[in-house]
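Colleague: Take this structure, written in structure tokens, and hold onto it; I'll ask about it next.
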Amino acid sequence: MSDSNIIPKWLSVGVIPLMNLFLAFCVSGLFIFFIGENPFRAISVMIKGAFYYPGAIGYTLYYTTNFIFTGLAVALAFHARLFNIGGEGQAYVGGLGVGLVCLVFDQYVVGFLVTILAILGSVIFGAIWGIIPGYLQAKRGSHIVITTIMFNFIAAALMVYLLVNVIIEPGQMSPETRDFESGVGLVQIHILAKYLGLDMAMSPLNLSFIVALTVSVGFWFLVWRTKFGYEVRSLGHSETAAIYAGIKVSSTIIIVMAISGGLAGLVAINELLGVHNKLLLGFTAGYGFTGIAVALMGRNHPFGIFLASLLFGALYQGGTELDFEFSSITREMVLLIQGLIILFSGALAYMLNPLVERAYLKYYGNYSNA
Amino acid sequence: MPESFQLIISLLDSTIRIATPLIFCAMAGIFSERSGIIDIGLEGKMLLSAFVAATATFLTGSPILGLFAAILASCSASLIHGFACITNRGDQVISGLAINILASGLTITLGIALFSRGGQTPPLASEQRFMPIEFPFLDQMSYVPILGDLYVEVISGHNIIVYLSVLAVLFTYYVIFKTRFGLRLRAVGEKPEAVDTAGISVIKLRYQSILIAGMLCGLAGAYLSIAHGAGFGREMSAGKGYIALAAMIFGKWNPIPTLFACLLFGFLEALGVRLEGVELMWIGEVPVQVMQALPYVLTVVLLAGFIGKARAPGAIGVPYSKEG
Chain A
5 MSDSNIIPKW LSVGVIPLMN LFLAFCVSGL FIFFIGENPF RAISVMIKGA FYYPGAIGYT
65 LYYTTNFIFT GLAVALAFHA RLFNIGGEGQ AYVGGLGVGL VCLVFDQYVV GFLVTILAIL
125 GSVIFGAIWG IIPGYLQAKR GSHIVITTIM FNFIAAALMV YLLVNVIIEP GQMSPETRDF
185 ESGVGLVQIH ILAKYLGLDM AMSPLNLSFI VALTVSVGFW FLVWRTKFGY EVRSLGHSET
245 AAIYAGIKVS STIIIVMAIS GGLAGLVAIN ELLGVHNKLL LGFTAGYGFT GIAVALMGRN
305 HPFGIFLASL LFGALYQGGT ELDFEFSSIT REMVLLIQGL IILFSGALAY MLNPLVERAY
365 LKYYGNYSNA
Chain B
182 MPESFQLIIS LLDSTIRIAT PLIFCAMAGI FSERSGIIDI GLEGKMLLSA FVAATATFLT
242 GSPILGLFAA ILASCSASLI HGFACITNRG DQVISGLAIN ILASGLTITL GIALFSRGGQ
302 TPPLASEQRF MPIEFPFLDQ MSYVPILGDL YVEVISGHNI IVYLSVLAVL FTYYVIFKTR
362 FGLRLRAVGE KPEAVDTAGI SVIKLRYQSI LIAGMLCGLA GAYLSIAHGA GFGREMSAGK
422 GYIALAAMIF GKWNPIPTLF ACLLFGFLEA LGVRLEGVEL MWIGEVPVQV MQALPYVLTV
482 VLLAGFIGKA RAPGAIGVPY SKEG
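Residue numbers (this note's numbering), protein chains in the order written: chain A, 5 to 374; chain B, 182 to 505.
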């Protein structure tokens, strides 16, 4: 399936996705209504929670950062018509990269250098977790959807094992490593603001957000302005055409999956270097899966992904506010909304096309026929 | 009875308990995927039906009604899947994923709204559940060595849904390989154009297949919450739908080998639990996570063609349209 060629681009890329999103929110509203709460009050609570309270915007942008990374990861694979469901596992293993670098070096090397190495570690470890399914798809023909799902579970088991048995802080009960030495980590924006004489409310927003924005621009350049990006997109349009054009399909697939995994791995810098300052169990918290919704909504374009990430950031942060304001709806409501968005913006993305096409032809079609 | 034999008996017993939901879901997967529809949503359908089964049973007091409600809920999820990827020709993987996430959010949200117990349903009394069935002649059989123990400890004493899972496998085998419907179903998963040319509706066949898949997932969900368990807990399907998916691939989309894959994966889990903290000769202690990861690792290895090739149905994942 692809976008319609009957209607102009502003309709198919702008209006229809918004209509799909609107439908998803309508259905979510219906659920809230059936539960016996006022959907409009829920929305206003969520908007306040996401933007209004002190520090709220910081929290929203902190979640946004995660979604930009995982959204870009899924989107790059989509451009090569690969479905990388493994963002969750790649982010998790990326965290192992951060953790190992920090635990090994942080007592001997300057914090700044360790941080740089840890960022590289997250990318490399995430990439490795993407390369293996990529290789299996390219060389052995295993379906990437299935392998990446399996790799999510393998990653989870691996991380539990390592955190419980190997790199746990000695004498500690909860499965997490010791804190990284001070000086290691990405500085939080509100602390940075204080140095500049600005007064900002505390929030976990950190320099990773800047990294995410930079990576987004890099993503755009890579996909639309380089030879490699052209090869990736040709492969996505038609594998046969790509082969005839002399594009090396297998190596392109493997490189795409490496970059995709690396992008997902960057979630670890936001979570571990920016906030927790140690490696802990389950820090990915489903961000990898949300990345799929983000990529679908953002139509695989960095700008779209930024907007979609912002939306999901606001939903996550606003969702926590639901817990305080309502007795019968909680932050899990956001999971429901997320599912509906994936359904309407992803699986049913083209449901409205015939409707819009008919409406468009009715109003504008007469000119061409006359 | 020697201790090692006792251990094997109790391992087999837990294998069956663990494998039951896998078997239903894997058979559901076979129906769906043999007709050309990828079904990532097994997990979500199982979770949703587990919740509905527990809720309906709690509200009505009847596990039979709970079971029917579970099947109904699971089939509705199948219909959403069908509407998205058969009628609207949307992406099957995305649709399945949406169902999984929806089920996750929906069960917790509704659970909290209905019962205010943090997403759990109230515990069910034993008369509200499908309880273990004792087979006849247990006393007499217990004197027979080995076979008798197998009969008493492993074969007897499960709830009705466990036994239904055996029927589900036979049903799947029979329908897919011995009926006209099954022949068409396989054809529609390999070459839908051919089926269409023969004047049979591709769309109708695929809807029928995923509805059967829905019913089977409903049984799996009901097993979790009103037979094996006594109520619904958050995320209680805990990845079983994905293990079932792996088992289906491991069984190469064939019911009988898939049954054995489910039993193997069930056995691995039972063994993993049993081996926790036990020092083995030569190896030392086997971490429970190794056993947990093994089904996935084995499936990856199989898919990569290192131990025989798993070939998916030809037209899987491709939406069908007459215009081509």
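Here a beta-carbon is modelled for each residue, glycine too, at the ideal position from N, C-alpha and C.
Because the structure is a prediction, the values reported are computed rather than measured.
Under a three-way DSSP split, which group does N373 (chain A) fall into?
Modeller: With a pLDDT of only 47 at N373 (chain A), under 50, the local geometry of the prediction cannot be trusted, and the value read off the model is given with reservation. Helix.
Colleague: Bridge partners of Q192 (chain A), per DSSP?
Modeller: Its beta-bridge partners are A:N210.
Colleague: How about G322 (chain A): is its C-beta nearer than 8 Å to some C-beta of chain B?
Modeller: Taking Cβ atoms only, chain B never reaches closer than 8 Å to G322 (chain A), which makes this a no.
Colleague: With 8 Å set as the bound, which would you pick, yes or no: does the beta-carbon of H147 (chain A) sit closer than that to a beta-carbon of chain B?
Modeller: Yes, its Cβ sits closer than 8 Å to a Cβ of chain B.
Colleague: So, with DSSP's three-state summary, where would you put H147 (chain A)?
Modeller: Coil.
Colleague: Who does G465 (chain B) pair with in a DSSP beta bridge?
Modeller: G465 (chain B) is bridged to B:L461.
Colleague: Quick one, which of A:I20, A:M154, A:I11 has its alpha-carbon nearest R303 (chain A)'s?
Modeller: Considering only alpha carbons, the answer is A:I20.
Colleague: Just mark N42 (chain A) as buried or exposed, buried being the case when its beta carbon has 16 or more other beta carbons within 10 Å.
Modeller: Exposed: under 16 other Cβ atoms inside 10 Å.
Colleague: For the stretch 407 to 440 of chain B, enumerate the residues whose C-beta is nearer than 8 Å to any C-beta of chain A, in chain order.
Modeller: Cβ contacts with chain A: G420, Y423, L426, A427, I430.
Colleague: Return yes when the Cβ of A60 (chain A) is within less than 8 Å of the Cβ of Q321 (chain A), no when it is not.
Modeller: In contact: Q321 (chain A) and A60 (chain A) (Cβ atoms closer than 8 Å).
Colleague: Suppose the cutoff is 7 Å on Cβ atoms and the five residues either side in sequence are ignored; what does the same chain contact list for I261 (chain B) look like?
Modeller: Cβ within range, chain order: I280.
Colleague: CA-CA distance, A122 (chain A) and G101 (chain A)?
Modeller: Cα to Cα, A122 (chain A) sits roughly 7 Å from G101 (chain A).
Colleague: Flag this pair as touching only if the stretch 388 to 401 of chain B and the stretch 190 to 206 of chain B have three or more C-beta atom pairs under 8 Å; answer yes or no.
Modeller: Contact holds: three or more Cβ-Cβ distances are below 8 Å.
Colleague: From what residue to what residue does the alpha helix (DSSP H) around C106 (chain A) run?
Modeller: From DSSP, the alpha helix (DSSP H) with C106 (chain A) extends over 91 to 109.
Colleague: Which first and last residues belong to the alpha helix (DSSP H) in which D194 (chain B) is found?
Modeller: Unbroken alpha helix (DSSP H) run through D194 (chain B): 184 to 215.
Colleague: What does V164 (chain A) touch in chain B if you count any residue whose Cβ is under 7 Å from its own?
Modeller: What V164 (chain A) touches in chain B: Q470.
Colleague: Scan the stretch 325 to 343 of chain A for residues whose Cβ lies nearer than 8 Å to a Cβ of chain B and list them as they occur along the chain.
Modeller: Of all residues in the stretch 325 to 343 of chain A, S331, S332, I333, T334, E336, M337, V338, L339, L340, I341, Q342, G343 have a Cβ within less than 8 Å of some Cβ in chain B.
Colleague: Does the stretch 222 to 239 of chain A come into contact with the stretch 277 to 297 of chain A, if we say contact requires no fewer than three beta-carbon pairs (one atom in each stretch) closer than 8 Å?
Modeller: Segments in contact, no.
Colleague: Check this for me: beta carbons of K52 (chain A) and E243 (chain A), under 8 Å apart or not?
Modeller: No, the pair does not count as a contact, with Cβ atoms beyond the cut-off.
Colleague: Can you find a C-beta in chain B that's less than 8 Å from the C-beta of R144 (chain A)?
Modeller: It does; some Cβ of chain B falls within 8 Å.
Colleague: The alpha helix (DSSP H) that contains A318 (chain A), what's its start and end?
Modeller: Residues 306 to 329.
Colleague: Rounding to the nearest angstrom, what Cα-Cα distance links S307 (chain B) and A411 (chain B) in this structure?
Modeller: Each residue's Cα considered, the two are about 8 Å apart.
Colleague: Consider the Cβ of L347 (chain A): report whether some Cβ of chain B lies at a distance smaller than 8 Å.
Modeller: Cβ-Cβ to chain B under 8 Å: yes for L347 (chain A).
Colleague: Taking Cβ-Cβ distances below 9 Å as the criterion, which residues of the stretch 212 to 234 of chain B are in contact with chain A?
Modeller: For the stretch 212 to 234 of chain B, which is checked against every Cβ of chain A, the residues closer than 9 Å are I219, I221, G225.
Colleague: Kindly indicate which three-state DSSP category I10 (chain A) falls into: helix, strand or coil?
Modeller: DSSP places I10 (chain A) in coil when its eight states are reduced to three.
Colleague: Below 8 Å on C-beta distance, what does L300 (chain A) contact in chain B?
Modeller: Those are I275, listed as they occur along chain B.
Colleague: Under 8 Å, Cβ to Cβ, is there at least one residue of chain A near S285 (chain B)?
Modeller: Answer yes: the Cβ-Cβ gap between S285 (chain B) and chain A drops below 8 Å somewhere.
Colleague: Report yes or no: is there a C-beta of chain A within less than 8 Å of the C-beta of G486 (chain B)?
Modeller: Closer than 8 Å to some Cβ of chain A, the Cβ of G486 (chain B) qualifies, so yes.
Colleague: Can you grab the Cα-Cα spacing for the pair M5 (chain A) / Q273 (chain B), in whole Å?
Modeller: With a pLDDT of 43 at M5 (chain A), under the threshold of 50, the predicted position of this residue should be treated as unreliable, and no value is reported.
Colleague: Does L284 (chain A) come out as helix, strand or coil in the three-state DSSP assignment?
Modeller: L284 (chain A): strand per DSSP, three-state reduction.
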